[in-house]
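Asks: Take the sequence shown: its letters are residues 1 to 317, numbered as in UniProt numbering.
All C-beta atoms, glycine included, are put in the ideal place defined by N, C-alpha and C.
Since the structure is predicted, the reported quantities are computational estimates derived from the model, not experimental observations.
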Amino acid sequence: MEVIGVGIAVIDVIHDVAAYPEGGRCRWLGVSTDPDKDSDAAFVHNDLAAFGVDCSLASIEPQGSMPISVRLTRRGLSSYILSSRSTGSRTIVHSRNLVELSDEAFVKQLTLYREEIQEDASKPVWFHFEGRNLDATEKMMLHVRKEMPAAPISVEIEALRNDWDSAMKLISLADYTFISKDYIREKLAFQSAEQFLEAVMMKKWGTELIHHAKALICPWGAEGVYFLDVPESATHHLPTPHLDNVVETIGAGDSFIGASLAGLSCGKVPLEEVLKTACEVASAKCLKQGFILSLEEQTKWQKKFNCGKGGVGANAA
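As structure tokens, this is what we get:
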């Protein structure tokens, strides 16, 4: 099953502070400047291509620049990300000089995909939405539900700037939702994932919230992951082993979601096994800089998912 990821691509320039693999069949549908004219865009396209991510669906904008996150030293460079060598934690300030993907651009690029790129229209396509511009994302998800009703949809709810009423509309359209710890604690004022998932089960926000849902997934950092299996009406917790020597946590959440999508899109792997493996992938990422997994690690996780070539990678999303 192909996965179409809808979101942004960011260049990370890495500077440390003392304290404070090949993906599956995945396509990126986001906004980019022209890679033939902008070296930053070319870098992003080439880097994604190196991991098997097709960029032909990117919507090319003539103005703006690719977003760049800079991880800083303490010596006065202008900064966006502070990465701590002592704990592996990071503090992020993000600035963007490129328009968000519009629903009109999404429909245009999806039409291109279906008419000129898709090899077999009978095979399902998985859509994963980063959940940035929620009003436009809702329209994109509605379009997929109408035009490709068999396509599984997943979405991330993470940015604290996004209000809960808008986020709920996206959750109600998704098969799988990833909701961040910070959003649950700071935006919704729940102290734990269990409290939040219990509120969902008790229909605090009505039954429409999980109309399409198969699972609500709450990655919880060092504690592992909590999730609600909607068909079973049961919540679960999968812990992760303690890591003594964390090297870098930047991208651990993306690694978790990417591995989850790789497993879920295989079709027959139990949800608990998918998320357990995703925790292993995220933990492995925390023990190294960057996202390159060893061949041994990739092979181990591919066998678990029985995906064949390119089924799992730290950057599968």
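Between F196 and I210, is the Cβ-Cβ spacing less than 9 Å?
Replies: Contact flag unset, no.
Asks: Look up H143 in the DSSP assignment and say whether it is helix, strand or coil.
Replies: In the structure shown, H143 sits in a helix (DSSP, three-state: H, G or I).
Asks: Beta strand (DSSP E) containing W28: first to last residue?
Replies: Here the beta strand (DSSP E) through W28 covers 26-29.
Asks: Pull up the distance between the alpha-carbon of K214 and that of I60, whole angstroms please.
Replies: The alpha-carbon atoms of K214 and I60 are separated by roughly 34 Å.
Asks: In terms of DSSP beta bridges, what is E61 paired with?
Replies: Paired residues: T33.
Asks: Pop quiz: E223 and P239 are said to be a contact at Cβ under 8 Å. What is the actual Cβ separation, rounded to whole angstroms?
Replies: 7 Å between Cβ atoms; contact.
Asks: What three-state label does DSSP hand T240 in the structure shown?
Replies: T240: coil per DSSP, three-state reduction.
Asks: Could you check if R25 is buried or exposed, using at least 16 other CB atoms within 10 Å of its CB as the buried criterion?
Replies: With 16 or more other Cβ atoms within 10 Å, it is buried.
Asks: What first and last residue would you give for the beta strand (DSSP E) that runs through E156?
Replies: Here the beta strand (DSSP E) through E156 covers 153-157.
Asks: Among S172, E104, L275, which residue has its Cα nearest to the Cα of R145?
Replies: R145 has its Cα closest to that of S172, out of S172, E104, L275.
Asks: Could you have a look at A49 and say whether DSSP puts it in helix, strand or coil?
Replies: Helix.
Asks: Tell me whether D229 sits in a helix, a strand or coil according to DSSP, three-state version.
Replies: D229: strand per DSSP, three-state reduction.
Asks: If you follow the beta strand (DSSP E) that G5 is part of, which residue opens it and which one closes it?
Replies: Its beta strand (DSSP E) spans residues 2-6.
Asks: What is the DSSP secondary structure of S216, reduced to helix, strand or coil?
Replies: Reading the sequence as shown, one finds Leu at residue 216 and not Ser. Note: L216 maps to strand in three-state DSSP.
Asks: Per the DSSP calculation, T177 is bridged to which residue(s)?
Replies: V155, L216.
Asks: Report yes or no: do three or more beta-carbon pairs, one from the stretch 131-140 and one from the stretch 160-168, lie closer than 8 Å?
Replies: Segments in contact, yes.
Asks: For T207, count neighbouring Cβ atoms within 10 angstroms of its own Cβ and tell me buried if that reaches 16, exposed if not.
Replies: Label assigned to T207: exposed.
Asks: Measure from the alpha carbon of H237 to the alpha carbon of each residue in T249, S32, A151, L228, then state which is nearest.
Replies: It is L228 whose Cα lies nearest to the Cα of H237.
Asks: Do G281 and N306 have their CB atoms nearer than 9 Å?
Replies: What sits at residue 281 in the sequence shown is Val, not Gly. No, the pair does not count as a contact, with Cβ atoms beyond the cut-off.
Asks: Can you find the residues in the same chain that come closer than 8 Å, C-beta to C-beta, to L271, ignoring five residues on each side of it along the sequence?
Replies: Contacts found: K214, A215, F227, D229, L264.
Asks: State yes or no: is the C-beta of L160 within less than 9 Å of the C-beta of D175?
Replies: No, they are not a contact pair.
Asks: Indicate the three-state DSSP secondary structure (helix, strand or coil) for F43 in the structure shown.
Replies: Reduced to three states, the DSSP call for F43 is helix.
Asks: Since D103 contacts M140 with CB under 8 Å, what's their CB separation in whole angstroms?
Replies: Their Cβ separation, rounded to whole angstroms, is 5 Å, which keeps D103 and M140 in contact under 8 Å.
Asks: Going straight from the alpha carbon of L142 to that of A150, what length do you get?
Replies: Each residue's Cα considered, the two are about 13 Å apart.
Asks: Between which two residues does the beta strand (DSSP E) containing V107 stretch?
Replies: Careful: V107 lies outside any beta strand (DSSP E), inside the alpha helix (DSSP H) at 103-112.
Asks: With the cut-off set at 9 Å, would you say L98 and S65 are in Cβ contact?
Replies: Cβ atoms of L98 and S65: closer than 9 Å.
Asks: Helix, strand or coil for D54? Go by DSSP, reduced to three states.
Replies: Of the three classes helix, strand and coil, the one that applies to D54 here is strand, per DSSP.
Asks: Would the beta-carbon of I217 fall within 9 Å of that of V125?
Replies: No, Cβ-Cβ distance for I217 and V125 is not below 9 Å.
Asks: Identify every residue that forms a DSSP beta bridge with L249.
Replies: Note that residue 249 corresponds to Thr in the displayed sequence, not to Leu. Answer is none; T249 lacks a bridge partner.
Asks: Comparing alpha-carbon positions, which option in I179, T177, P152, K187 lies nearest D163?
Replies: Considering only alpha carbons, the answer is K187.
Asks: Note down, in chain order, each residue of its chain lying with its Cβ closer than 8 Å to the Cβ of C286, except the 5 sequence neighbours on either side.
Replies: Excluding residues within five positions, the ones whose Cβ falls inside 8 Å are G88, L243, V246, V247, E248, T249, A252.
Asks: Between V225 and the rest of its own chain, which residues show a CB-CB distance below 7 Å, the 5 nearest in sequence each way excluded?
Replies: The residues are I217, C218, P219, L238, L275, C279.
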